[in-house]
Structures are given as C-alpha cells and as structure tokens.
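Q: Taking mature numbering (1 follows the signal peptide of the UniProt record, and there is no 0), I'd label the letters of the sequence shown as residues -26 to -1, 1 to 92.
Glycine included, each C-beta is placed from N, C-alpha and C at the ideal position.
Have a look at the structure that comes next, please.
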Amino acid sequence: MKFGLFTKATVVASIVVCGGAPVVMASPSAPPAARAGVWDRLARCESGGNWAANTGNGYYGGLQFNRRTWAAHGGEKYNRYPHRASREQQIVVAEALRSARGGFGAWPACARKLGLRR
C-alpha cells in the first residue's frame, strides 16, 4: 500500500505524546536503526548508556539484565555475562525478552518514564 512517497513497510514509527513530551514508538517491523534508538534511550535510563555496566548490584550491561534473565532469553550464546556482550547482542536479547513478555515490563521504571508499552 502506498502512502505518498512511502510504502506501508516504511511507515513503522509513530509519535505519541506522553506527559507533554513526544515519544517515538518503534514497531517490531521498524528498521534496525529505529529499534536501536528505543534501546539506546532505555539504556541511558537504566545504566547511563553504559553498555559495559557492572556495578556489582547483580544487574549487567546497558539494559541491566540479571544473569538468569539473560540466560533464559538466549544471552549466553554471546557471553556468560551481559556486560561483556556487545550493544547489538544485548539488544537482540532484549528484543527476545520484550517479545516474550509482551512489552517493556522488564524495565518498569524506565518504561514508564519513557512512555514505553509495558
């Protein structure tokens, strides 16, 4: 289907106003760069954007996975610890977790702050 210059496949993000601030919501069919932007924003909230975060609190990486969740969603194929995996690998595992839980509920405070569906 055509929408002006764009095909249906390229119209994949919408802007939502949440608390007075626009929030971009990327759909699962969004291009990788659009999806990565959501994860970068979530990582900034969770870990200050430090994809190698290991503060000793039992949560690791940019998206602050615990080891059990990391392993349950395929992370150990990349590395035993999330903070030792690349940003892209952490995003792959995060997308599996989000898909399994039906939203961003694994990151409740930051999802709420960023207006992401939990």
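Counting along the chain, where does the alpha helix (DSSP H) carrying T43 start and finish?
A: Translated into the one-based positions of the sequence shown, residue 43 becomes position 69. First-last of the alpha helix (DSSP H) with T43: 41 to 46.
Q: Starting from Q64, trace the alpha helix (DSSP H) both ways and give me its first and last residue.
A: For the purposes of this step, residue 64 is taken as the residue at position 90 of the sequence shown. Element bounds for Q64: 61 to 75.
Q: Between which residues of its own chain and W44 is the CB-CB distance below 6 Å, once the five residues before and five after are set aside?
A: Numbered from its first residue, the sequence shown carries residue 44 at position 70. P56, listed in sequence order.
Q: Do the CB positions of E20 and G30 come within less than 8 Å of each other?
A: If you number the sequence shown from 1, residue 20 lands on position 46. If you number the sequence shown from 1, residue 30 lands on position 56. Not a contact, by the Cβ cut-off of 8 Å.
Q: Go ahead and label G22 buried or exposed: buried means 16 or more other beta carbons lie within 10 angstroms of its beta carbon, across all protein chains shown.
A: Indexing the sequence shown from 1 puts residue 22 at position 48. Label assigned to G22: exposed.
Q: Taking a contact to mean a Cβ-Cβ separation below 8 Å, would you say A83 touches W13 in this structure?
A: Within the sequence shown, numbered from 1, the residue matching residue 83 stands at position 109. Within the sequence shown, numbered from 1, the residue matching residue 13 stands at position 39. Result no, Cβ atoms of A83 and W13 do not sit closer than 8 Å.
Q: Ends of the alpha helix (DSSP H) at L88?
A: For the purposes of this step, residue 88 is identified with residue 114 of the sequence shown, where counting begins at 1. Start and end: 82 to 88.
Q: Are there 16 or more other CB atoms within 10 angstroms of the CB of G49, so buried, or fewer, so exposed?
A: Taking the first residue of the sequence shown as 1, we reach residue 49 at position 75. G49 comes out buried.
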